[in-house]
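All residue numbers for the sequence shown refer to our numbering, where the first residue is 2 and numbers rise by one.
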Amino acid sequence: MSYFLSPEAEEELAEAVAFYAEQASTSVATAFLAEFTRAAHPTEANPGLGTRTSRDRRLFPLHRFPYSLVYRADNDGVRIGAVAHHSRPPRYWRTRK
2 MSYFLSPEAE
12 EELAEAVAFY
22 AEQASTSVAT
32 AFLAEFTRAA
42 HPTEANPGLG
52 TRTSRDRRLF
62 PLHRFPYSLV
72 YRADNDGVRI
82 GAVAHHSRPP
92 RYWRTRK
């Protein structure tokens with residue numbers, strides 16, 4: 002199974018990496034990207050890992066950063082709909098496909 006990012010999730014990921022690179026360091030930005038990858042791979046291998054938030058969506062938190070992956074599994078793989086910062090409004094991503 003593979004994972005795919007929605008355009009919105011790609012944008013959120015890029016913004017987070019840029020934020021950490023500017024505000025902290027490139028090593029922190031690299032660590033964030035590595036943590037994202039470590040979180041995304043288990044969800045593709047076992048889509049039932051995250052906490053269920055709706056009938057077809059799950060939430061999987063990153064361990065070292067205040068973000069969660071919001072995803073759903075289908076026949077094509079795991080679709081990550083949001084790379085959600087924990088300070089954003091709850092469920093702001095729910096209208097995404």
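Every residue, glycine too, gets a C-beta built ideally from N, C-alpha and C.
Note that the structure is a prediction, hence the values are computed from the model and not measured.
- In the three-state scheme derived from DSSP, where H, G and I count as helix and E and B as strand, His86 is classed as strand.
- With a cutoff of 8 angstroms on beta-carbon distance, Arg80 and Tyr68 are scored as not near each other.
- Tyr21: member of the alpha helix (DSSP H) spanning 8–24, first to last residue.
- Cβ-Cβ distances below 7 angstroms link Ala22 to Ala30 in the same chain, with the five nearest sequence neighbours on each side left out; the list follows chain order.
- Looking only at Ser88, Asp77, His64, Glu11, the smallest Cα-Cα distance to Arg39 is reached by His64.
- Here the C-alpha atom of Ala46 lies approximately 9 angstroms from the C-alpha atom of Tyr4.
- Leu60 carries a strand assignment under DSSP once its states are collapsed to helix, strand and coil.
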